[in-house]
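Structure, as structure tokens:
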Amino acid sequence: MAAGTANQSEKMVHPAVKPLSDLLGTWKGEGEGFFPTISSFNYSEELQFTHSPNKPVIAYYQKTWNLISGQPMHSESGYWRPKPDGTIEVVIAQSTGLVEVQKGTYDMKEGVVKLKSELVGNASKVKEITRVFKVENCELSYVVEMATSLTDLQPHLRASLKKL
Ligand code: HEM
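Under my numbering, the first residue of the sequence shown is numbered 848, with each subsequent residue one higher.
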């Protein structure tokens, strides 16, 4: 890519999004799901962060498949809205019908985004969801924890992905 083109596309990234620009792109990897009330499972995942020029928002899209059978599993999509003060607001709609409003912080010097649900809606048993993302050495990893009406907050998902 010509230097002029790179500069042009860098300029088009909104200043609010710039600190998180390492996330932008398509990531692929594998994860493991568990919870005290279910059997553990393994999945493959594709995850995308995209940005429309000059908009202070990152679009998020995630799809998973059963690692052994290849059957589609959970998917979700939403929007990440980082603020210049290091806080971030994320909305997510899940394929199960559950919706989340997440609030938290990012520290891209440490490569960490931490989210905690402020609202979980249209859920039969989920009471709280936390998500921690880490970017390090071109690898994106995350842990999702949840609390349900029967079980305290604890991990449900752990995955690690590489940028395509
Ligand atoms: C089970 C929520 C993401 C696959 C469950 C249960 C809940 C739940 C509430 C039932 C637990 C119980 O009965 O005590 C969520 C939430 C997610 C999420 C809130 C995201 C924040 C995923 C993803 C996958 C997945 C990404 C697949 C890659 C499963 C499976 C079960 C399960 C296979 C067991 C189902 C069964 O045995 O009936 N999840 N889940 N979940 N989840 Fe998730």
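C-beta atoms are modelled at their ideal positions from N, C-alpha and C, and glycine is treated no differently. Quick caveat: nothing in here was measured; it's all calculated off a predicted structure.
Q: Please determine, among Y890, I905, F881 and K875, the residue with the shortest C-alpha to C-alpha distance to V860.
A: I905
Q: Please state whether DSSP places D954 in a helix, a strand or coil.
A: strand
**Q.** Three-pair Cβ contact test at 8 angstroms for the segment 912–920 versus the segment 887–898
**A.** yes
**Q.** Outcome for L1011 when other beta-carbon atoms lying within 10 angstroms are tallied against a minimum of 16
**A.** exposed
**Q.** Contact test: L1000 Cβ vs the ligand HEM heavy atom, cutoff 7 angstroms
**A.** no
Q. According to DSSP, what are the bridge partners of V979?
A. K961 and V990
Q. Which value, in whole angstroms, describes the spacing of the CA atoms of Q941 and T998?
A. 20 angstroms
Q | Cα-Cα separation, W927 to I939 | A | 9 angstroms
Q) Which word fits S996, buried or exposed, when buried means at least 16 other C-beta atoms lie within 10 angstroms of its C-beta? A) exposed
Q | Where T852 falls, given that 16 or more other Cβ within 10 Å makes a residue buried | A | Confidence at T852 is low in this model, with a pLDDT of 46, below 50, so the placement of that residue should be treated as unreliable; the coordinate-derived value is given next. By the neighbour-count rule (16 or more Cβ atoms within 10 Å), T852 is not buried but exposed.
Q) Who pairs with K910 in a beta bridge, going by DSSP? A) E893 and S922
Q.
Classify S899: buried if its beta carbon has 16 or more other beta carbons within 10 angstroms, exposed otherwise.
A. exposed
**Q.** Reduced DSSP secondary structure (H/G/I, E/B, other) of S868
**A.** helix
Q) With a CB to CB cut of under 6 angstroms and the five nearest residues on each side skipped, what residues in its chain are close to P866? A) M955
(Q) Nearest by alpha-carbon distance to T977: which of N969, L1008 and E965 is it? (A) E965
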